[in-house]
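**Student:**
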Amino acid sequence: MSLQKLSLDEACNILLKQNLLREIIQNKSAQKHDDLTHENDQTWSIDASDFSAHSKPYSHITYDSRDIKPNTLLFIKGNFKPEYLKDADKNGLNAYVAQDCYAEYTNAVGLIVTDVHKAMSLLSAAFFNNPQEKLTTIGITGTKGKTTTAYFTHAILNAHSNGKAALFSSVDNCLDGKTYVESDLTTPESLDAFRMMSQAVENGMKYLVMEVSSQAYKVNRVYGLHFNVAAFLNISPDHISPIEHPTFEDYLYCKRQIVKNTDALVLNADCAHADLLLQDAKQNGVKVTTFSRIHKEELDGNTCNCTECSDYSDIHPYENSEKYPELVLPRYVAIPELQESQESDESQGLPSSQEHCIAILEGEANEYVNQDMPNYSAIDKFNLKIAGDFNYENATAAIAIANALSINENTDQKALHAIENVQISGRMEVFKDTKSNTVAIVDYAHNYISTKSVVDFVYDKYGNNDLRITLVTGSTGDKAVDRRKEIVQAAQDRINQFVFTQEDTNVEDEMDICKYMQSCVTNPNVESRIIINRAEAIEYSVEEARKDARENNRLNIILAIGKGDERWIKVHNKHVPYEGDSFIIKRLFS
Numbered sequence: 001m002s003l004q005k006l007s008l009d010e011a012c013n014i015l016l017k018q019n020l021l022r023e024i025i026q027n028k029s030a031q032k033h034d035d036l037t038h039e040n041d042q043t044w045s046i047d048a049s050d051f052s053a054h055s056k057p058y059s060h061i062t063y064d065s066r067d068i069k070p071n072t073l074l075f076i077k078g079n080f081k082p083e084y085l086k087d088a089d090k091n092g093l094n095a096y097v098a099q100d101c102y103a104e105y106t107n108a109v110g111l112i113v114t115d116v117h118k119a120m121s122l123l124s125a126a127f128f129n130n131p132q133e134k135l136t137t138i139g140i141t142g143t144k145g146k147t148t149t150a151y152f153t154h155a156i157l158n159a160h161s162n163g164k165a166a167l168f169s170s171v172d173n174c175l176d177g178k179t180y181v182e183s184d185l186t187t188p189e190s191l192d193a194f195r196m197m198s199q200a201v202e203n204g205m206k207y208l209v210m211e212v213s214s215q216a217y218k219v220n221r222v223y224g225l226h227f228n229v230a231a232f233l234n235i236s237p238d239h240i241s242p243i244e245h246p247t248f249e250d251y252l253y254c255k256r257q258i259v260k261n262t263d264a265l266v267l268n269a270d271c272a273h274a275d276l277l278l279q280d281a282k283q284n285g286v287k288v289t290t291f292s293r294i295h296k297e298e299l300d301g302n303t304c305n306c307t308e309c310s311d312y313s314d315i316h317p318y319e320n321s322e323k324y325p326e327l328v329l330p331r332y333v334a335i336p337e338l339q340e341s342q343e344s345d346e347s348q349g350l351p352s353s354q355e356h357c358i359a360i361l362e363g364e365a366n367e368y369v370n371q372d373m374p375n376y377s378a379i380d381k382f383n384l385k386i387a388g389d390f391n392y393e394n395a396t397a398a399i400a401i402a403n404a405l406s407i408n409e410n411t412d413q414k415a416l417h418a419i420e421n422v423q424i425s426g427r428m429e430v431f432k433d434t435k436s437n438t439v440a441i442v443d444y445a446h447n448y449i450s451t452k453s454v455v456d457f458v459y460d461k462y463g464n465n466d467l468r469i470t471l472v473t474g475s476t477g478d479k480a481v482d483r484r485k486e487i488v489q490a491a492q493d494r495i496n497q498f499v500f501t502q503e504d505t506n507v508e509d510e511m512d513i514c515k516y517m518q519s520c521v522t523n524p525n526v527e528s529r530i531i532i533n534r535a536e537a538i539e540y541s542v543e544e545a546r547k548d549a550r551e552n553n554r555l556n557i558i559l560a561i562g563k564g565d566e567r568w569i570k571v572h573n574k575h576v577p578y579e580g581d582s583f584i585i586k587r588l589f590s
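So the sequence shown is numbered by the UniProt record's numbering: it starts at 1 and just counts up by one.
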């Protein structure tokens with residue numbers, strides 16, 4: 001791994017340039033000279049040369065006091081307790097970066113800063129020799145769709161570069177273009193991110209696709225990181241809680257920071273507050289490309305069977321439209337097309353259904369102002385393996401991102417089609433029961449917009465006649481408390497039964513969360529029950545669905561949302577092993 005010679009000298013220079021350094025403090029008993037610059041036997045200075053070994057490079061950096069090795073630079077953040085430094089000097093602590101002085105507990109040099117998170121991001125980048133400068137970086141944000149868009153984009157770039165694209169996502173991280181390791185955070189801590197970037201560079205990666213959460217900007221995990229291309233997919237209220245964002249305004253403001261930290265922006269023209277995002281882009285000189293999706297109800301006859309049509313010259317999706325009176329018309333447009341399913345649903349005892357492919361059109365680029373109606377031409381048609389109409393937008397965003405990187409139908413048409421093979425475990429996974437007319441769908445949906453989208457998909461695919469839907473759900477503890485009511489509101493008028501269960505409750509009482517969600521059910525026609533054990537909740541739902549399917553001769557749908565393919569449940573800050581929603585359903589349906 002390529003490391004720069006980050007020393008006290010270099011660290012001080014970086015922090016001073018960013019106005020982050022307050023002072024450097026060290027006990028004089030730990031120094032090799034008798035320079036008296038402060039009382040109480042401590043040296044206070046902003047000049048690194050006042051301290052011993054100021055030019056010696058650090059060998060290791062960490063934010064975990066249990067990970068101290070000889071010649072370590074430690075970042076002290078969060079709920080740190082001074083007693084964690086008990087054996088630090090003995091283990092090799094050379095210096096620490098913190099917002100408070102810990103000279104009472106260690107003889108190491110203390111770099112006292114105004115913001116330790118900003119300092120950690122900048123110094124980590126320097127320690128790992130600024131790997132971001134050796135990668136083409138793509139950042140993707142939004143309330144919904146970040147992961148799927150990241151996977152679509154990664155697939156295109158990996159195909160284009162012959163496997164030289166890295167990925168940071170809320171599901172997996174990939175540092176070599178082929179090996180996927182489960183991740184812990186949507187956006188890693190800055191130190192971990194730059195360490196992984198360095199490893200990716202060493203592995204020969206040329207691209208990096210990463211999800212960027214609102215919290216990443218809120219707590220400065222991506223401070224100083226500038227993207228080549230950023231995508232803003234959508235925005236709706238989420239993550240509103242005392243420990244996340246106090247208001248929606250704060251949530252949106254944090255997400256908007258990606259606009260001023262990119263060279264080019266790919267923006268959903270249907271995104272709420274798109275006009276504000278365009279103002280941000282113009283203010284910061286950022287080039288904008290927009291995209292959108294035509295909904296089936298908007299087609300008005302302007303579509304055709306994708307197996308027969310290849311000419312889209314007569315399609316004008318926004319002709320006579322006032323949909324974007326103040327915005328640029330979308331440059332990239334996804335149009336859904338109907339084709340008969342390749343699967344035999346009837347042989348499974350299910351009603352005949354149709355799958356969708358999409359045609360993605362490209363129009364002329366108009367920036368910031370609504371000009372004349374652009375002429376659209378087809379890029380190509382794409383058959384997606386991942387379910388859900390909302391994924392048409394994500395696929396179109398990925399195509400637009402690729403074009404911003406000069407990867408398009410003219411330069412690498414084959415790479416664009418890599419999106420067709422994308423499947424993400426735990427994201428819109430559809431399972432069919434072999435013993436009854438029952439379907440189960442596993443998804444990570446965990447807020448209003450994602451829950452609504454999953455239910456929309458069910459009605460779109462299976463219709464709304466003689467259908468029984470059971471929603472197995474819970475909600476996370478200690479944060480985003482508004483989600484609990486919103487999940488219920490998104491579904492209660494269109495489903496038959498809620499089964500409330502545990503879901504990463506952390507230190508909150510799981511029964512309290514479930515009882516509150518149950519109290520939010522106001523539709524008297526909807527059944528609800530609480531089964532805390534998540535595996536038992538799914539098992540109960542399958543048993544009841546099979547029973548109803550046989551007795552009433554109708555299709556039953558089970559929606560298990562919130563956990564995706566995760567095989568753990570977070571309780572008291574620990575990951576407790578869990579079989580996993582999709583694995584339970586596979587076991588029961590086999």
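Glycine is no exception: its CB is placed at the ideal position from the N, C-alpha and C atoms.
DSSP on Q354, reduced to helix/strand/coil?
**Tutor:** Caution applies to Q354, whose pLDDT of 41 falls short of 50 and renders its modelled position unreliable; the value that the coordinates give is listed next. Here Q354 sits in strand by DSSP.
**Student:** Using 8 Å as the cut-off, can you tell me whether the segment 419-427 makes contact with the segment 99-116, which would need three or more C-beta pairs spanning the two stretches below that distance?
**Tutor:** Result no; under three Cβ-Cβ pairs closer than 8 Å.
**Student:** Taking 8 Å as the cut-off, does the segment 516-524 touch the segment 420-437 (at least 3 CB pairs, one atom from each stretch)?
**Tutor:** As far as the Cβ criterion goes, the segment 420-437 does not touch the segment 516-524, which means the pair count is below three.
**Student:** Can you tell me whether DSSP reads residue 602 as helix, strand or coil?
**Tutor:** Look at the range of the chain in this structure, 1 to 590, and you will see that residue 602 is not part of it.
**Student:** Just checking, does the segment 556-565 make contact with the segment 452-471 on the three C-beta pairs under 8 Å criterion?
**Tutor:** Result yes; three or more Cβ-Cβ pairs closer than 8 Å.
**Student:** Near V212, which residues of its chain fall below 7 Å by C-beta distance, leaving aside the five closest residues on each side in sequence?
**Tutor:** Cβ neighbours of V212 beyond the five flanking positions: G139, I140, T141, T187, V222 and I258.
**Student:** Between the C-alpha atoms of K414 and N408, what's the straight-line distance to the nearest angstrom?
**Tutor:** Approximately 9 Å between the Cα atoms of the pair.
**Student:** Apart from the five residues on each side of it in sequence, which residues of its chain come closer than 8 Å, Cβ to Cβ, to K586?
**Tutor:** So the qualifying residues of the chain are F431.
**Student:** Relative to the alpha-carbon of I538, which residue among L208, V442 and Y84 has its alpha-carbon at the smallest distance?
**Tutor:** Comparing Cα positions, the closest option is V442.
**Student:** Between L123, L265 and Y462, which has its C-alpha nearest A402's C-alpha?
**Tutor:** Closest by alpha carbon: L265.
**Student:** Mind checking whether H446 and N506 have CB atoms under 9 Å apart?
**Tutor:** It is not a contact, given that the beta carbons lie outside the stated cut-off.
**Student:** Specify the secondary structure class of F583 as computed by DSSP and reduced to three states.
**Tutor:** Here F583 sits in helix by DSSP.
**Student:** Taking the C-alpha atoms as reference points, what is the distance between A48 and I24?
**Tutor:** If you take the alpha carbons of A48 and I24, they lie about 8 Å apart.
**Student:** Compute the beta-carbon to beta-carbon distance between V488 and S241, rounded to the nearest angstrom, for a pair I have assumed lies under 8 Å.
**Tutor:** About 17 Å separates the two Cβ atoms, so there is no contact after all.
**Student:** Is it buried or exposed for I294, if we count other Cβ within 10 angstroms and need 16 for buried?
**Tutor:** I294 should be labelled buried.
**Student:** Quick check: the Cα distance between D270 and E202, rounded to an integer number of angstroms?
**Tutor:** For D270 and E202, the distance between alpha carbons rounds to 39 Å.
**Student:** How is the beta strand (DSSP E) around residue 591 delimited, first residue to last?
**Tutor:** What is shown of the chain runs 1 to 590, which leaves residue 591 out entirely.
**Student:** Could you have a look at I532 and say whether DSSP puts it in helix, strand or coil?
**Tutor:** Reduced to three states, the DSSP call for I532 is coil.
**Student:** How long is the line joining the alpha carbons of N228 and L135, rounded to whole angstroms?
**Tutor:** Rounded to whole angstroms, N228 to L135 spans 9 Å at the Cα level.
**Student:** Checking 9 Å against the spacing of the C-beta atoms, do I14 and L191 come in under that value?
**Tutor:** The answer is no: Cβ separation not under 9 Å.
**Student:** In the segment 382-412, which residue ranges form an unbroken alpha helix (DSSP H) of at least 4 residues, counting only runs that do not cross its ends?
**Tutor:** Segments of the alpha helix (DSSP H) lying fully in the segment 382-412: 390-404.
**Student:** What's the call for L8, buried or exposed, on a 16-neighbour Cβ count within 10 Å?
**Tutor:** Burial call: buried.
**Student:** Can you tell which of P237, V458 and F51 has its C-alpha closest to the C-alpha of E249?
**Tutor:** Here the closest residue by C-alpha is P237.
**Student:** Please confirm if I25 has its CB atom under 9 Å from at least one CB of chain C.
**Tutor:** Structure shown: chain C not included; a single protein chain is present.
**Student:** For L73, list the residues DSSP reports as bridge partners.
**Tutor:** For L73, which the question treats as bridged, DSSP gives the partners I61 and A95.
**Student:** Have a look at R66 and K77 and give me their C-alpha separation to the nearest angstrom.
**Tutor:** Those two C-alpha atoms are separated by around 14 Å.
**Student:** Mind checking which residues open and close the beta strand (DSSP E) that includes D172?
**Tutor:** D172 to C174 is the extent of the beta strand (DSSP E) around D172.
**Student:** By alpha-carbon positions, which one of T43, A334 and F382 ends up nearest to C357?
**Tutor:** Checking every option, the nearest Cα to that of C357 belongs to F382.
**Student:** Are the segment 79-91 and the segment 171-187 touching, with three or more C-beta to C-beta distances below 8 Å?
**Tutor:** Touching, no.
**Student:** In the structure shown, what three-state DSSP assignment does L588 receive?
**Tutor:** Three-state result, L588: helix.
**Student:** Helix, strand or coil for K218, going by three-state DSSP, please let me know.
**Tutor:** Three-state DSSP puts K218 in a helix.
**Student:** Look at the alpha carbon of S59 and the alpha carbon of F194, and state the distance between them as a whole number of angstroms.
**Tutor:** So the alpha carbons of these two residues sit roughly 16 Å apart.
**Student:** Distance check for Y459 and P351, CA to CA, integer angstroms please.
**Tutor:** Low confidence applies to P351: its pLDDT is 43, below 50, so where it sits in the model is not reliable enough to give any reading.
**Student:** So, using beta-carbon positions, are V333 and T396 closer together than 9 Å?
**Tutor:** Going by C-beta atoms, V333 is nearer than 9 Å to T396.
**Student:** Taking the alpha-carbon positions, what's the E579 to E544 distance?
**Tutor:** Rounded to whole angstroms, E579 to E544 spans 20 Å at the Cα level.
**Student:** If you count every other CB in all the chains shown that lies within 10 Å of the CB of H160, and 16 or more means buried, which is it?
**Tutor:** H160 is buried by the Cβ-count criterion.
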